[in-house]
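First to last, the protein sequences are chains A and B. First residue of the first sequence? That's 359 in our numbering, and the numbers climb one at a time after it. First residue of the second sequence? That's 359 in our numbering, and the numbers climb one at a time after it. Just so it is clear, CB atoms sit at the ideal spot from N, CA and C, and this is done for glycine as well. Scroll down for the structure; my scribbles are underneath it.
There are 2 protein chains.
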Amino acid sequence: MAARRRPTDAELAILRVLWAQGPSTVREVAEEMGREGAYTTVLKLLQIMTGKGLVRRDESARTHVYRAARSERATQRQLVRDLADRAFGGSAGRLAMQALAARKVSPQELAEIREWLAEQEGQREGA
Amino acid sequence: MAARRRPTDAELAILRVLWAQGPSTVREVAEEMGREGAYTTVLKLLQIMTGKGLVRRDESARTHVYRAARSERATQRQLVRDLADRAFGGSAGRLAMQALAARKVSPQELAEIREWLAEQEGQREGA
DNA sequence: ACATCTCTACGAATGCCTTCGTATAGTTTC
DNA sequence: GAAACTATACGAAGGCATTCGTAGAGATGT
């Protein structure tokens with residue numbers, strides 16, 4: 359198995375479009391990205407990403423359709439783990455704390471965290 | 359002012375040593391990093407990092423002493439913001455949730471999060 | 001003084017990322 | 001069927017990251 363590398367910036371930008379729009383053609387991706395992506399640049403990136411296994415390509419039609427190989431969720435988890443390892447001594451908890459301190463957190467997110475915390479405590483008591 | 363770029367992997371590895379050990383010579387950094395860093399490689403990196411403003415160099419002695427220009431905290435915050443922007447639509451809260459889901463969180467970290475949450479709610483009620 | 005050790009500086013090689021231009025082939029329109 | 005359009009493939013350039021070798025200045029020990 360190949361060691362998993364994290365997506366580069368340009369690759370991530372493309373993945374974001376694919377996650378938001380679902381399977382897309384080169385043109386659809388390029389247009390969504392606006393001036394940031396000349397058509398052939400996006401095409402080249404998608405070809406490279408296909409080689410890396412970051413996206414899957416449907417070649418049944420002449421105009422190929424690309425989709426993200428891994429879910430947004432899974433990719434986010436990978437990126438978080440990676441950052442935790444590189445800059446937080448492997449501690450996801452400390453990373454989370456920095457994230458909470460770094461920006462305003464919406465009420466909804468606050469509720470989710472409260473819920474998560476309650477879940478954790480429930481497990482603790484249950485054990 | 360130059361736009362702030364995030365430290366590369368190799369740069370971050372060196373910064374970790376400087377944060378842990380405090381101001382250090384090239385040799386001290388290289389030895390701490392073990393076989394990962396041939397002496398001149400570390401030297402070159404530190405020279406480049408000096409140019410970028412990532413580290414400060416004390417040249418008063420023949421053997422230069424390097425220290426991190428920014429605190430570990432501040433750098434972590436920058437990296438978290440950066441990742442939030444690139445992969446979480448700018449939402450630090452969602453990043454935090456993924457971090458909490460990604461790895462086991464220690465009891466101490468759990469306590470810190472509980473504390474943070476209480477603080478948030480206190481602010482809300484106080485307002 | 002000489003050999004030896006340590007330090008910095010510099011250059012160059014390698015490889016990846018990103019971008020874009022051009023070639024080529026299939027499709028549509030008149 | 002010719003022209004115009006749209007698609008993929010490919011190559012190459014430019015830049016940055018990373019690594020290491022070598023040169024040369026300064027210190028040290030005998």
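Contact list for the segment 457 to 479 of chain A against chain B, Cβ threshold 9 Å: From the segment 457 to 479 of chain A, only A457, L458, A459, A460, R461, K462, V463, S464, P465, Q466, E467, L468, E470, I471, R472, W474, L475, Q478 and E479 have a Cβ closer than 9 Å to chain B.
Chain A contact for S449 (chain B) (CB, 9 Å cutoff): The count along the second sequence starts at 1 and reaches residue 449 (chain B) at position 91. Chain A, which has a Cβ nearer than 9 Å to the Cβ of S449 (chain B), makes this yes.
R364 (chain B) versus T421 (chain B): straight-line alpha-carbon distance, rounded: In the second sequence, the residue the question calls residue 364 (chain B) occupies position 6. In the second sequence, the residue the question calls residue 421 (chain B) occupies position 63. If you take the alpha carbons of R364 (chain B) and T421 (chain B), they lie about 28 Å apart.
CB contact flag (M455 (chain A), E467 (chain B), <9 Å): Translated into positions along the first sequence, residue 455 (chain A) becomes position 97. Translated into positions along the second sequence, residue 467 (chain B) becomes position 109. Yes, Cβ-Cβ distance for M455 (chain A) and E467 (chain B) is below 9 Å.
Close beta carbons around R439 (chain A), own chain, < 8 Å, minus the five adjacent residues each side: For the purposes of this step, residue 439 (chain A) is taken as residue 81 along the first sequence, with counting starting at 1. The residues are A450.
Start-to-end residues for the alpha helix (DSSP H) that takes in V413 (chain A): Position 55 of the first sequence holds residue 413 (chain A). Taken as a continuous stretch (DSSP letters only), V413 (chain A) belongs to no alpha helix (DSSP H), being part of the beta strand (DSSP E) at V413 to D416.
Buried or exposed (CB count within 10 angstroms, at least 16 for buried), T399 (chain B): Position 41 of the second sequence, counted from the start, is the residue given in the question as residue 399 (chain B). Under this definition T399 (chain B) is an exposed residue.
Opposing strand residues paired with Y424 (chain A) [DSSP bridges]: Taking the first sequence and counting its residues from 1, one reaches residue 424 (chain A) at position 66. Bridge partners of Y424 (chain A): A:S382 and A:R415.
Identity of the residue in B:Q405, B:S382, B:A388 and B:R444 nearest R425 (chain B) by Cα: For the purposes of this step, residue 425 (chain B) is taken as the residue at position 67 of the second sequence. Here the closest residue by C-alpha is B:S382.
Segment contact flag, the segment 470 to 478 of chain B with the segment 365 to 375 of chain B, C-beta cutoff 8 Å, min 3 pairs: no
Cβ-based burial, A457 (chain A) [other Cβ within 10 Å; buried from 16]: Locating residue 457 (chain A) in the first sequence gives position 99, counting from the first residue. Counting Cβ neighbours within 10 Å, A457 (chain A) comes out buried, since at least 16 surround it.
Residue nearest to K462 (chain A) in terms of C-alpha spacing, selected from B:P465, B:A460, B:A469 and B:L453: The sequence position of residue 462 (chain A) within the first sequence is 104, counting from 1. That would be B:L453, whose Cα lies nearest to the Cα of K462 (chain A).
Unbroken alpha helix (DSSP H) run spanning T366 (chain B), endpoints: Walking along the second sequence from the start, residue 366 (chain B) turns up at place 8. From DSSP, T366 (chain B) is part of no alpha helix (DSSP H); its letter is neither H nor E.
Test: Q379 (chain A) CB closer than 9 Å to a CB of chain B: As a position in the first sequence, residue 379 (chain A) is number 21, starting the count at 1. No, Q379 (chain A) lies away from the interface with chain B (no Cβ there is under 9 Å from its Cβ).
Chain A contact residues for L403 (chain B), given Cβ-Cβ distances below 8 Å: The residue labelled residue 403 (chain B) in the question sits at position 45 within the second sequence. Result: empty, since nearest Cβ-Cβ is about 15 Å, beyond 8 Å.
Under 9 Å between C-beta atoms of L437 (chain A) and A427 (chain A): By 1-based counting over the first sequence, the position of residue 437 (chain A) is 79. By 1-based counting over the first sequence, the position of residue 427 (chain A) is 69. Their beta carbons are not under 9 Å apart, which means L437 (chain A) does not touch A427 (chain A) by this criterion.
Under 8 Å from the C-beta of A442 (chain B): neighbouring residues of chain A: As a working note, residue 442 (chain B) is residue 84 in the second sequence. Residues of chain A passing the Cβ test: A457, A460 and R461.
Amino acids of chain B, ordered along the chain, whose beta-carbon sits closer than 8 Å to that of V438 (chain A): Start at 1 with the first residue of the first sequence, and residue 438 (chain A) comes out as number 80. Those are L441, L453, Q456, A457 and A460, listed as they occur along chain B.
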